[in-house]
Amino acid sequence: MRVLVVEDDPRIAGDVAAALQAAGYVVDVETNGEEAWFRGDTEDYAAIVLDLGLPGMDGLSVLKRWRHGGRSVPVLVLTARGSWSERVEGIDAGADDYLPKPFRVEELLARLRAIIRRSAGQAGPVFHAGAVCLDPRLMKVAVDGVPVALSALEYRLLAFLMVNSGRVVSQQELIDHVYGHDNAQDANTLEVLLGRVRRKLPRSLIETRRGFGYLVAGRRE
Ligand code: CA
Numbered sequence: 382m383r384v385l386v387v388e389d390d391p392r393i394a395g396d397v398a399a400a401l402q403a404a405g406y407v408v409d410v411e412t413n414g415e416e417a418w419f420r421g422d423t424e425d426y427a428a429i430v431l432d433l434g435l436p437g438m439d440g441l442s443v444l445k446r447w448r449h450g451g452r453s454v455p456v457l458v459l460t461a462r463g464s465w466s467e468r469v470e471g472i473d474a475g476a477d478d479y480l481p482k483p484f485r486v487e488e489l490l491a492r493l494r495a496i497i498r499r500s501a502g503q504a505g506p507v508f509h510a511g512a513v514c515l516d517p518r519l520m521k522v523a524v525d526g527v528p529v530a531l532s533a534l535e536y537r538l539l540a541f542l543m544v545n546s547g548r549v550v551s552q553q554e555l556i557d558h559v560y561g562h563d564n565a566q567d568a569n570t571l572e573v574l575l576g577r578v579r580r581k582l583p584r585s586l587i588e589t590r591r592g593f594g595y596l597v598a599g600r601r602e
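Read in order, the letters of the sequence shown are residues 382 to 602 in the working numbering.
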């Protein structure tokens with residue numbers, strides 16, 4: 382899953398990006414508000430971490446512009462410590478959650494998992510599809526309770542399809558969320574990866590909709 386981190390403090394941005402990558406996300410970092418707004422407006426992210434104090438355009442204005450333009454991507458805002466007014470303004474501007482600085486990256490990861498699963502219409506922490514369950518807290522997958530070993534890329538692909546279960550995901554969307562936009566791979570590479578994931582899981586789990594994309598049937602179907 383692709384996540385955009387908008388933070389002008391290079392140390393915080395680096396720590397957050399490293400923690401997200403270790404947790405299986407594809408990460409883009411922006412340090413300028415104006416450029417961050419454009420990226421969030423034109424590209425597809427599973428979630429965005431947004432600092433409020435930014436050069437170019439402040440974070441609240443960035444968020445308001447995304448929401449005004451109809452972008453519903455889940456957003457976690459980073460606020461100054463003790464600033465209740467920033468938290469209120471952030472939530473009123475359309476933030477899904479906030480995290481005061483300084484924070485532990487473990488808490489940021491937990492809040493991010495929560496806003497992603499809520500945006501997927503999921504109440505509990507574990508994703509289910511048929512006999513398959515996927516736990517993003519541990520990056521673990523099991524079939525009928527039996528653990529399945531997946532590589533980091535295989536896990537990333539399955540996680541994106543399961544979080545979006547019940548919806549047909551296009552090939553390009555899947556490529557972006559698995560490999561990242563700046564490291565674009567072609568459809569053949571994706572097919573090879575899909576083949577590996579399918580061999581490890583029940584065959585019917587990932588359906589191909591020719592000309593449209595891929596589908597993991599969910600409870601919403
Ligand atoms: Ca800042």
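Glycine included, C-beta positions come from ideal geometry on N, C-alpha and C. Please read all numbers here as calculations on a predicted model, not as lab measurements.
Residues near residue i in its chain [Cβ-Cβ closer than 8 Å; skip 5 each side]
{"i": "residue 574", "result": "534, 535, 538 and 559"}
{"i": "residue 555", "result": "538, 541, 542, 571, 594 and 595"}
Collapsed DSSP secondary structure at residue i in the structure displayed
{"i": "residue 434", "result": "coil"}
{"i": "residue 452", "result": "coil"}
{"i": "residue 462", "result": "coil"}
{"i": "residue 559", "result": "helix"}
{"i": "residue 405", "result": "coil"}
{"i": "residue 412", "result": "coil"}
{"i": "residue 482", "result": "coil"}
{"i": "residue 567", "result": "coil"}
Presumed contact (8 Å Cβ cut-off) between residue i and residue j, rounded CB distance
{"i": "residue 451", "j": "residue 414", "result": "That pair is no contact at about 19 Å."}
{"i": "residue 425", "j": "residue 383", "result": "7 Å"}
{"i": "residue 581", "j": "residue 544", "result": "So it is not a contact: roughly 18 Å between Cβ atoms."}
{"i": "residue 598", "j": "residue 510", "result": "7 Å"}
Closest by C-alpha distance to residue i, when choosing among the options
{"i": "residue 400", "options": "583, 496, 491 and 526", "result": "491"}
Close-in-space but distant-in-sequence residues of the same chain around residue i (CB under 7 Å, 5 per side omitted)
{"i": "residue 396", "result": "486"}
Sequence-distant residues of the same chain with beta carbon closer than 6 Å to residue i, five excluded per side
{"i": "residue 601", "result": "The pLDDT assigned to residue 601 is 43, lower than 50, so where the model puts this residue is not dependable; a value taken from the coordinates is nonetheless given after this. Correct list, in chain order: 547."}
Cβ-heavy atom distance, residue i to ligand 1, below 7 Å
{"i": "residue 434", "result": "yes"}
{"i": "residue 425", "result": "no"}
{"i": "residue 396", "result": "no"}
{"i": "residue 389", "result": "yes"}
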